[in-house]
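Step one of this worksheet: look at the structure below.
Numbering (full-length UniProt numbering), first residue to last: 1 to 190.
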């Protein structure tokens, strides 16, 4: 069981990605620091064949065509594929997850210099095989880590509480702007 709270995410922004097709489970994603540079993925995925599986954020939030519409690994800086924490990697490269004999993978990945805000609306894809982290020397090692086909995918979105929090702060902002404009109009018509 996990302790609730702690981790210093006082700003409380929480995203989630829910697998609903061949795989089941939710990955929760949050910042681990207040200046929003470091991000943590936590969760548990079931129905995953025992072994090692590539775990990546892909560029699109389109799960169609057996997850192929999710596009390639999220890679805004046009780099080669690599391991989490490697100097050269895609922004969407998060290494591997491991499923045990009960077909369950426990996920706990912390990534420095990953801005969660930029992952919203994109997808997580879990792959059939292990990611060779760019070191396998295969044709696709430097693009996909030779991780094979896409088993399942989900869309990263803010959770319900975070959306409520964002909507209420947006509402406060627009009310104050309207109030400001009214004052200005009154002032100009005097």
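Even for Gly, the Cβ is constructed at its ideal location relative to N, Cα and C.
Which residues DSSP lists as bridging residue i, in chain order
| i | result |
| --- | --- |
| residue 96 | 54 |
| residue 46 | 24 and 104 |
| residue 18 | 26 |
| residue 174 | For residue 174, which the question treats as bridged, DSSP gives no partner whatsoever. |
| residue 125 | 56 and 153 |
| residue 109 | 41 |
| residue 187 | DSSP lists no partner for residue 187. |
| residue 81 | DSSP, once it has assigned bridges, lists no residue as partnering residue 81. |
Proximal residues to residue i (C-beta, below 6 Å), its chain only, five neighbours per side dropped
| i | result |
| --- | --- |
| residue 192 | Missing from the structure shown is residue 192; the chain here goes from 1 to 190 and no further. |
| residue 67 | 125, 150 and 153 |
| residue 146 | 132, 136, 138 and 140 |
| residue 155 | 61 and 123 |
| residue 63 | 153 |
| residue 112 | 38 |
The ligand SAM heavy atom lying under 7 Å from the CB of residue i
| i | result |
| --- | --- |
| residue 161 | For the ligand SAM, the structure offers nothing, since it holds no ligand at all. |
Per-residue burial, residue i [other beta carbons within 10 Å of its own, 16 or more giving buried]
| i | result |
| --- | --- |
| residue 96 | buried |
| residue 54 | buried |
| residue 41 | buried |
| residue 92 | buried |
| residue 187 | exposed |
| residue 23 | buried |
| residue 119 | buried |
| residue 134 | buried |
| residue 27 | buried |
| residue 189 | exposed |
| residue 19 | buried |
Selection from the options that minimises the alpha carbon distance to residue i
| i | options | result |
| --- | --- | --- |
| residue 114 | 187, 56 and 176 | 56 |
| residue 131 | 94, 165 and 156 | 94 |
| residue 12 | 23, 176, 170 and 161 | 161 |
| residue 121 | 70, 30 and 170 | 70 |
| residue 73 | 64, 63, 90 and 84 | 90 |
| residue 31 | 189, 158, 167 and 144 | 158 |
| residue 29 | 117, 86, 144 and 178 | 117 |
| residue 144 | 179, 77 and 58 | 58 |
Close beta carbons around residue i, own chain, < 7 Å, minus the five adjacent residues each side
| i | result |
| --- | --- |
| residue 148 | 127, 128 and 129 |
| residue 88 | 79, 80 and 82 |
| residue 171 | none |
Residues of its chain near residue i, where Cβ-Cβ distance is below 8 Å and the 5 sequence neighbours each way are ignored
| i | result |
| --- | --- |
| residue 4 | Reliability fails at residue 4, whose pLDDT of 49 lies under 50, so the model's placement of it is uncertain and the value that follows must be treated cautiously. Contacts found: none. |
| residue 84 | 93, 94, 95, 109 and 111 |
Sufficient close CB pairs (3 or more, under 8 Å) joining the region 103 to 110 to the region 36 to 46: yes
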